[in-house]
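Asks: I'd like to ask some things about the structure below.
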Amino acid sequence: MTAPCKMPDWAYNQMIEGLQKLLVLRLQGSPPADAIAAVAAVWEEALTPTTWTWQPETDSERLPTAFRRLIRQADRWAQPAQLIHLIPPRRELPVAGLLENKRNPPSAAERQAAQERVRQMLNRLTQSKKF
Numbered sequence: 006m007t008a009p010c011k012m013p014d015w016a017y018n019q020m021i022e023g024l025q026k027l028l029v030l031r032l033q034g035s036p037p038a039d040a041i042a043a044v045a046a047v048w049e050e051a052l053t054p055t056t057w058t059w060q061p062e063t064d065s066e067r068l069p070t071a072f073r074r075l076i077r078q079a080d081r082w083a084q085p086a087q088l089i090h091l092i093p094p095r096r097e098l099p100v101a102g103l104l105e106n107k108r109n110p111p112s113a114a115e116r117q118a119a120q121e122r123v124r125q126m127l128n129r130l131t132q133s134k135k136f
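Structure (structure tokens):
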């Protein structure tokens, strides 16, 4: 499966907001304001392979968190790779219900029948070892 050429819209909007915050800082090496559309296109191209499978339910805070981390440490204009390294891992969803027993426990008769089948298999195995 190959990555599409576009980020999810909600992640794209988060990227634009993060870039706007970086631009406001006027860090050394910042692009001119009239080039921000081209900068956004390059950042989208760089971030798409990382974000194209993201879902809002599980990933909505990952990009804003990475931008906050980047802004705290930036002393000059950042590159997309710097942001990618700061993206936190996906938070785990609760597994409640995934491990629940979907069948009713076996009855006493079913347990006894299963035990009998195990005994029969063991007898057959011990018989076959004698040959």
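Per our numbering, residue 6 is the first one in the sequence shown, and the count goes up by one each step. For every residue, glycine included, the Cβ atom is placed at its ideal position computed from N, Cα and C.
Return the bridge partner residues of residue 33 from the DSSP annotation.
Replies: Answer is 81.
Asks: When the Cα atoms are used, what is the spatial distance from residue 114 to residue 97?
Replies: In a straight line, the C-alpha of residue 114 is about 41 Å away from that of residue 97.
Asks: Give the range of the alpha helix (DSSP H) segment to which residue 64 is assigned.
Replies: Note, residue 64: alpha helix (DSSP H), 61–64.
Asks: Measure the Cβ-Cβ separation of residue 91 and residue 71 and say whether it is below 8 Å.
Replies: Contact flag set, yes.
Asks: For the region 66–84 against the region 21–38, do three or more pairs of beta-carbon atoms, one drawn from each stretch, fall closer than 8 Å, so that the two count as touching?
Replies: Short answer: they touch.
Asks: Compare the C-alpha of residue 27 against each of 60, 88, 62 and 14 and name the closest.
Replies: For the residues 60, 88, 62 and 14, the minimum Cα distance to residue 27 belongs to 88.
Asks: Find out if the Cβ-Cβ distance for the pair residue 16, residue 68 is shorter than 8 Å.
Replies: Against a cut-off of 8 Å, the Cβ pair of residue 68 and residue 16 comes out as a contact.
Asks: So, under 8 Å CB-CB, residue 95 and residue 63 are touching, yes? Tell me the CB distance rounded to an integer number of Å.
Replies: Right, the Cβ-Cβ distance comes to about 6 Å (below 8 Å), so this counts as a contact.
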